[in-house]
Every structure is written in structure tokens, then in C-alpha cells.
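Sequential numbering of the sequence shown, starting at 2, is according to my numbering.
C-beta: ideal position from N, C-alpha, C; glycine also.
Since the structure is predicted, the reported quantities are computational estimates derived from the model, not experimental observations.
Right, one structure below, let's go through it.
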Amino acid sequence: MGGSLMFRQFSWSLITATFLLVGCASHADDEEMYVTASALTKVSSALEAAVYFDTPPEGLQDRELLEFATKHDPSLLEPFDNFILKANYVDRHGVVLVCDELGRKALMKDLGCTAKLDKPYWDSTEVVPCRINPPSTVNCPVTE
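Listed below in C-alpha cells is the structure:
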């Protein structure tokens, strides 16, 4: 009987420790993603300005397009050194996708024409592919 009680106490302790560990780990991931999302809105705003006021070279996309858009402040891209970035534009509006370091899944997407992060995918149960296909800016105002 004493062994059974001790086993149950140990089991509950192990279960509690597991939940605490998992909870803290996912909180840290969320915190990192929110910091990354904040940095992303700055990059997507720079892209929006670049494609609206400048003319990017034909066919420029992804990291190269973002380097063009942030040439005034290259440090804007530093928070994304461990991520794959996809970027494109349509109708003078930019869209940026942040993917995991292997390029297997999208973590977040932002349109430069909106003030807040548009799509936080990192906590989704669905795996969103790492591609912008086609670039969609339906949430952006029409520009002439």
C-alpha cells in the first residue's frame, strides 16, 4: 500500500513537472515569435515604401527584395538571420513571409499596408507551406 501511494505521488510529480516544462517552453517560443513579429512589421513597412516609391529591379524577390527595401537600414533584417524569408509584391504592395530555418513551414506573414501582423502561423495546428503563391494583397487599399 505504501509503495502504491509513493508511486502515485511520484507519477503526479512527474506529470506536473512535464506540464510546467512544456508550458514554459511554448511560452518562450511565443515570446520569441512576438518579438520576431514586431521586427517583421518594420521590414514589411520598409518593403511597402520601397515598392510604392521606388522601382525594384525586375524579378527581384525574397531576401534580395528585402535587402533592396532595407538598404537604408540593413540592421532591420538581423532578427531574421535564423529564418527563411520570402517576399514579393503586387499592385505596389509588399508581402513578407517568415519561415522556419529549413523552409518547411511558414511562421508568420505580414502585408506592408496594414499596421499589425496579418497571419501568425506559428501556433497553428495546420502546417502552412513556406511560399507566397500568389502574392495576395486583398486587404490593402487600392492604389492608383
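Using alpha carbons as the reference points, say which of the options lies closest to residue i.
{"i": "Ser45", "options": "Asn83, Asp30, Ala88", "result": "Ala88"}
{"i": "Val97", "options": "Ala38, Glu33, Asp31, Glu32", "result": "Ala38"}
{"i": "Asp31", "options": "Asp92, Leu108, Glu49", "result": "Leu108"}
{"i": "Cys100", "options": "Trp123, Tyr35, Leu78", "result": "Trp123"}
{"i": "Thr42", "options": "Gly60, Gln62, Pro80", "result": "Pro80"}
{"i": "Ala40", "options": "Gly113, Phe54, Glu102, Arg105", "result": "Gly113"}
{"i": "Ala47", "options": "Lys120, Leu78, Met34", "result": "Leu78"}
{"i": "Glu33", "options": "Arg132, Phe84, Cys131, Pro130", "result": "Phe84"}
For residue i, does the count of other Cβ atoms within 10 angstroms reach 16, so buried, or fall short, so exposed?
{"i": "His73", "result": "exposed"}
{"i": "Val128", "result": "exposed"}
{"i": "Gly95", "result": "buried"}
{"i": "Leu118", "result": "buried"}
{"i": "Val52", "result": "buried"}
{"i": "Asp92", "result": "exposed"}
{"i": "Glu59", "result": "exposed"}
{"i": "Ala26", "result": "The predicted position of Ala26 is uncertain, since its pLDDT is 40 and thus under 50; no value can be drawn from it."}
{"i": "Leu111", "result": "According to the sequence shown, residue 111 is Asp rather than Leu. That one is buried."}
{"i": "Ser125", "result": "exposed"}
If residue i sits next to residue j, beta carbons under 8 angstroms apart, how far is it from one beta carbon to the other, in whole angstroms?
{"i": "Pro57", "j": "Leu67", "result": "With 8 angstroms as the limit, Pro57 and Leu67 do not qualify as a contact, their Cβ atoms being about 10 angstroms apart."}
{"i": "Thr115", "j": "Asn134", "result": "The pair is not a contact, with the Cβ atoms about 20 angstroms apart (cut-off 8 angstroms)."}
When you compare only the Cα positions, how much space is there between residue i and residue j?
{"i": "Phe69", "j": "Asp63", "result": "10 angstroms"}
{"i": "Leu61", "j": "Glu49", "result": "14 angstroms"}
{"i": "Glu102", "j": "Tyr90", "result": "22 angstroms"}
{"i": "Leu86", "j": "Pro130", "result": "13 angstroms"}
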